[in-house]
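One structure below.
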Amino acid sequence: MKLAEISIKRPSLVIVLFTILTLGGLFSYSQLGYELIPKFEMNVITVSTVYPGASPSEVENTVTKKMEDAIASLENIKKIDSKSYESLSVVSITLTSNANVDISMNDAQRKINAILSDLPDDAKTPSLNKFSLSDMPIITIGANAKMDEATFYDLIDKKIAPVLSRVQGVAQVNIIGGQEREIQVNLDATKMQGYGLSVPQVQQIILASNLDFPTGNIQTREQKILIRLAGKYKTVNELRNLVVSSKNGIQVRLQDIADVQDAQKIAEKIARVDQKSAIVLQIVKQSDANAVAVSELVAQTVTKLESDYKVNELTLETAKDSTVFTLEAADSVLHDLLIAVILVALVMLFFLHSIRNSLIVMVSIPASLIATFIGIYLLGYTLNLMSLLGLSLVVGILVDDAIVVLENIYRHMEMGKSRIRASYDGTAEIGGTVTSITLVIVVVFLPIAMSSGLVSNIITQFCMTVVISTLLSLLASFTIIPWLSSRFGKLEHIEGKNLFGRIILGFESLLTRFTNWITEILEWCLDHYIRTILVVVVLFFSSTIGLMGGGFIGGEFFAASDSGEFLVQIEMPKDASLEQTNFMTQKAEAFLKGQEYVYSQITTVGQTSEGMGASQATAYKAEIDVKMIEQSERTDDASVYAAKTKRQLEKILVGAKVKTVPVGIMGTAEDATLGLIVTGPNVESAMKFAKLAEAELRTIPGTTEIKLTVEDGNPEVNVQVDRDKMAALGLTLQTVGMTMQTAFSGNTDGKFRAGEYEYDINIKYNAFDRKNITDVSNLIFVNDLGQQIKLSQFASITEGSGPSKLERRDKTASVTVQGQNIGVPAGTIVTQWQEKLDKLEKPTGVSYIWGGDQENQSEGFGTLGIALLAAIILVYLVMVGLYDSFAHPFVVLFAIPLSFIG
1 MKLAEISIKR PSLVIVLFTI LTLGGLFSYS QLGYELIPKF EMNVITVSTV
51 YPGASPSEVE NTVTKKMEDA IASLENIKKI DSKSYESLSV VSITLTSNAN
101 VDISMNDAQR KINAILSDLP DDAKTPSLNK FSLSDMPIIT IGANAKMDEA
151 TFYDLIDKKI APVLSRVQGV AQVNIIGGQE REIQVNLDAT KMQGYGLSVP
201 QVQQIILASN LDFPTGNIQT REQKILIRLA GKYKTVNELR NLVVSSKNGI
251 QVRLQDIADV QDAQKIAEKI ARVDQKSAIV LQIVKQSDAN AVAVSELVAQ
301 TVTKLESDYK VNELTLETAK DSTVFTLEAA DSVLHDLLIA VILVALVMLF
351 FLHSIRNSLI VMVSIPASLI ATFIGIYLLG YTLNLMSLLG LSLVVGILVD
401 DAIVVLENIY RHMEMGKSRI RASYDGTAEI GGTVTSITLV IVVVFLPIAM
451 SSGLVSNIIT QFCMTVVIST LLSLLASFTI IPWLSSRFGK LEHIEGKNLF
501 GRIILGFESL LTRFTNWITE ILEWCLDHYI RTILVVVVLF FSSTIGLMGG
551 GFIGGEFFAA SDSGEFLVQI EMPKDASLEQ TNFMTQKAEA FLKGQEYVYS
601 QITTVGQTSE GMGASQATAY KAEIDVKMIE QSERTDDASV YAAKTKRQLE
651 KILVGAKVKT VPVGIMGTAE DATLGLIVTG PNVESAMKFA KLAEAELRTI
701 PGTTEIKLTV EDGNPEVNVQ VDRDKMAALG LTLQTVGMTM QTAFSGNTDG
751 KFRAGEYEYD INIKYNAFDR KNITDVSNLI FVNDLGQQIK LSQFASITEG
801 SGPSKLERRD KTASVTVQGQ NIGVPAGTIV TQWQEKLDKL EKPTGVSYIW
851 GGDQENQSEG FGTLGIALLA AIILVYLVMV GLYDSFAHPF VVLFAIPLSF
901 IG
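Note that the sequence shown covers residues 1 to 902 in the working numbering.
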């Protein structure tokens with residue numbers, strides 16, 4: 001073998017080669033970033049459209065369906081999911097694995113731009129985003145200071161957040177909680193009616209009187225001077241004294257019909273850290289940034305900010321840092337890697353009988369491992385659980401080739417050959433065999449790395465790390481091992497004269513007895529091959545059909561992990577106010593504070609992290625992010641403790657729904673592991689079958705947190721306009737809609753400048769005039785003739801309820817039945833659920849598909865199955881080349897099915 005010959009004759013080349021590889025590996029290692037799991041594209045595009053004040057059904061009909069029609073013609077679409085919330089439409093397009101997300105985004109943008117004119121006038125411009133796991137916050141900071149609320153919010157929004165956003169690697173900073181300053185114009189309906197004024201009239205005057213105009217310039221002999229009309233409001237009193245009407249010499253000022261206050265926006269979300277009020281800052285890193293490095297830079301910046309604003313007693317407490325778990329996980333794997341290397345060294349020592357021989361073999365481990373970092377760096381990978389697990393797994397494989405080569409070299413030395421001749425002949429003799437063994441390992445992992453889909457995205461780095469390390473170990477066995485053996489190889493005969501010799505001889509004695517025992521079993525099997533075959537067949541079918549088919553061994557997409565964190569999600573009745581939800585949440589916080597396993601709490605009242613519309617304010621929902629103490633200090637894992645906590649909280653929070661969700665490995669709430677997506681011609685028919693499916697799921701042991709994603713009960717006031725009456729009264733639907741929107745939701749088109757900052761001027765009815773359905777009926781409009789008209793004169797106003805969210809799958813109405821499994825694998829529950837569903841009668845046009853883990857599992861297992869088949873074929877072809885026979889490889893391949901017995 002030429003490579004071994006060169007290594008023996010010119011060892012300096014080997015030294016230079018592996019010095020370069022080692023230095024390159026060390027440099028590459030220093031450049032690698034830390035991540036929890038590999039970075040990969042989700043191939044999901046989301047289109048979000050805000051339609052202020054619209055109900056879910058209105059959002060679906062006027063926005064969501066039009067968005068679906070626009071993007072349905074995109075290429076490489078796998079599925080389209082849409083959700084319509086109050087004031088928000090979210091359409092998610094999942095693309096096939098071979099799609100280019102950037103090109104698809106551009107195509108989607110063009111198609112959406114073409115239908116913008118068809119959207120409601122009040123709908124905001126749709127925003128397109130690629131969904132990425134990197135968009136999840138990596139750090140959560142709770143801010144407090146000795147300042148009034150408005151000034152404190154300005155400090156955070158205008159000073160602190162911009163500084164943090166400029167930290168290298170930070171993509172954005174989200175602010176939750178706090179009360180922003182705004183100028184409130186609270187209109188008095190009774191006074192406006194007395195002066196004969198309408199909401200649009202007042203609104204138009206306020207906006208039209210708040211303008212700066214560059215009106216031109218004057219030219220003198222010496223210079224050109226700009227003329228600027230300064231019409232912006234300079235003080236709140238100037239706004240109060242604004243003349244909004246002047247009839248018969250009587251001036252009506254804004255303060256005559258409205259209460260104008262320099263105040264704070266009405267809180268839509270409340271944040272607390274460990275029961276203390278705070279403004280919460282969420283740090284989102286850039287997709288290509290090193291999370292650990294970003295965390296360190298943010299920590300340094302936080303320290304400096306606290307020092308700079310010490311006079312305000314500013315405190316920025318890091319309430320949550322996902323990189324801590326990342327480093328702990330990475331350190332754990334590195335620790336296991338070190339233990340693996342030590343154990344391999346000990347095994348080598350026992351089997352090779354010589355410290356010298358063991359060291360020759362052990363040199364190949366760091367040589368291969370360190371050089372592997374070059375491949376990881378060049379492929380754009382990071383140090384994450386998958387790549388590090390690949391390194392841990394490959395430690396044992398790395399010495400395989402070296403041991404085989406070294407043992408054969410020593411066999412030739414025992415023939416009386418010199419070290420140099422034995423090193424060359426021994427390596428050359430089995431070079432083909434060693435190469436084949438290595439290629440077998442490579443072709444097992446390579447098809448998986450080259451496959452597509454979610455599972456492939458996660459384990460590709462694991463597979464490629466194994467492939468690179470294994471190939472480098474082959475290089476080491478053909479270069480380092482022959483070189484070192486030719487220089488330092490020595491036959492050693494162990495004698496029991498010292499402790500080491502006696503230990504080795506004792507081990508050899510045990511090994512000989514074990515070998516003899518195995519030999520006896522083998523001889524018996526050969527003498528009784530029919531019985532042996534029958535036993536093997538029985539064991540095979542018992543393990544596959546009996547255990548797996550009988551449900552003793554379940555299936556699930558990912559095994560549950562214990563991140564030491566869970567979420568408590570609280571849902572009040574849908575007509576509950578933010579204050580009522582906050583009161584109930586405080587009771588939950590007080591209970592959690594007294595629990596021994598609870599380390600910290602981050603509370604958000606007014607939103608939860610459930611679903612794509614989580615950022616929308618929802619007054620009747622709240623969430624507590626509970627961080628537990630170290631795993632070594634507790635007996636329950638996060639999922640079990642969360643279930644116990646739920647049962648206790650349900651007794652305390654009477655009248656509220658309580659849900660506990662374990663936080664997954666990515667630091668986000670785990671999705672429902674059980675999911676059944678029921679589709680139908682309309683939401684009513686889908687809901688009918690979904691309720692039956694929900695009832696069946698509740699009867700299966702091991703299920704919890706069962707619910708329907710679409711629920712009724714959201715209170716609504718429905719206004720049905722009589723168009724003929726409206727037209728006869730001289731009004732248009734646009735005027736009616738804009739008036740209602742401003743009166744009950746508010747209008748913030750106007751801005752008030754104070755120094756270098758601008759604040760919203762919020763125009764709407766005062767709280768007294770927007771309390772109930774009667775206030776809606778009595779809303780006053782003024783037509784072109786100056787006549788005052790009530791809404792009840794041309795519209796029917798009724799109270800009712802509707803869904804808080806509407807869903808669609810592939811342009812068809814859908815309802816999803818969701819649940820979590822606890823103590824029982826999700827696959828086992830799905831099998832039982834399927835049996836029950838088969839007995840149900842489905843309404844006409846209704847069908848269902850699996851969601852949750854089952855959807856990912858079916859796709860992932862299918863991809864892995866194809867990759868496994870490809871690996872078996874490639875292994876067979878490699879062995880055909882090794883044995884020069886098409887039949888002999890089957891002797892080895894027939895052993896593969898027997899692995900199922902284990």
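All C-beta atoms in this analysis are idealised placements derived from N, C-alpha and C, irrespective of residue type, glycine included. All values reported here derive from a predicted model rather than from experimental measurement.
Taking the C-beta atoms as reference points, T608 is found nearer than 9 Å to T618. Comparing C-alpha distances from G231 to each of S209, E589 and Q179 shows the shortest one belongs to S209. In this structure, K790 sits near F781, with a CB-CB distance shorter than 9 Å. Beta bridge pairing from DSSP links S796 with Q720. For M136, the closest C-alpha among the options I115, Y599 and L281 is that of L281.
Here D262 carries a strand assignment [DSSP, helix/strand/coil]. If you check the CB distance, G426 and F478 do not come in under 9 Å. Taking a C-beta distance under 9 Å as the contact criterion, Q286 and G390 do not qualify as a contact pair. For D308, the closest alpha carbon among the candidates A171, V294 and A145 is that of A145.
Exposure of Q223 is indicated by the presence of fewer than 16 other C-beta atoms within 10 angstroms of its C-beta.
For G177, the closest of G25, V717 and A622 by C-alpha to C-alpha distance is A622.
A straight line joining the alpha-carbon of K574 with that of G737 spans about 25 Å.
Of all C-beta pairs linking the stretch 99-117 to the stretch 245-258, fewer than three are shorter than 8 Å, placing the two stretches out of contact.
Excluding the 5 residues flanking it on each side, Y883 has same chain C-beta neighbours closer than 7 Å at P889, in chain order.
In this structure, P56 places its C-beta atom within 9 Å of the C-beta atom of S804. Cβ-Cβ separation between I138 and S322: approximately 5 Å, consistent with a contact (criterion under 8 Å). Looking at L207, T318 and P366, the one whose alpha-carbon comes closest to that of L23 is P366. Rounded to the nearest angstrom, the gap between the Cα atoms of K124 and Y51 is 6 Å. Taking the Cβ atoms as the reference, S368 lies roughly 4 Å from L472, within the contact range of under 8 Å. Note on geometry: alpha-carbon atoms of A54 and L388 lie some 50 Å from one another.
Nearest neighbour of V626 by Cα position, chosen from K646, S600, K651 and L649, turns out to be S600. In the structure shown, I652 falls within a helical segment according to DSSP collapsed to helix, strand and coil.
By DSSP's assignment, L226 forms a beta bridge with N217. According to DSSP, residue pairing for F752 in a beta bridge involves Y759.
Unbroken alpha helix (DSSP H) stretches of 4 residues or longer found wholly inside the stretch 342-376: 355-362, given in chain order. In the DSSP assignment, G664 falls outside any alpha helix (DSSP H), carrying neither H nor E.
Counting of Cβ neighbours within 10 angstroms places W524 among the exposed residues, the total staying below 16. T140: member of the beta strand (DSSP E) spanning I139 to N144, first to last residue. By the beta-carbon neighbour count (other beta carbons within 10 angstroms, threshold 16), V875 is buried. Excluding its 5 nearest sequence neighbours in each direction, A690 has C-beta neighbours in its own chain below 6 Å: V678, L708, V815 and V817, listed in chain order.
Where E596 is concerned, there is no enclosing beta strand (DSSP E), because DSSP gives it neither an H nor an E. The stretch 588-595 makes no contact with the stretch 531-546; the number of CB pairs closer than 8 Å stays below 3. Taking the Cα positions, T635 is about 44 Å away from T512. Cβ neighbours of T704 within its own chain (closer than 6 Å, five residues either side excluded): Q820 and I822.
Between the stretch 199-208 and the stretch 729-746 there are three or more inter-stretch CB-CB distances shorter than 8 Å, so the stretches are counted as touching. Counted as a single uninterrupted DSSP element, the alpha helix (DSSP H) harbouring Y29 occupies residues P11 to Q31.
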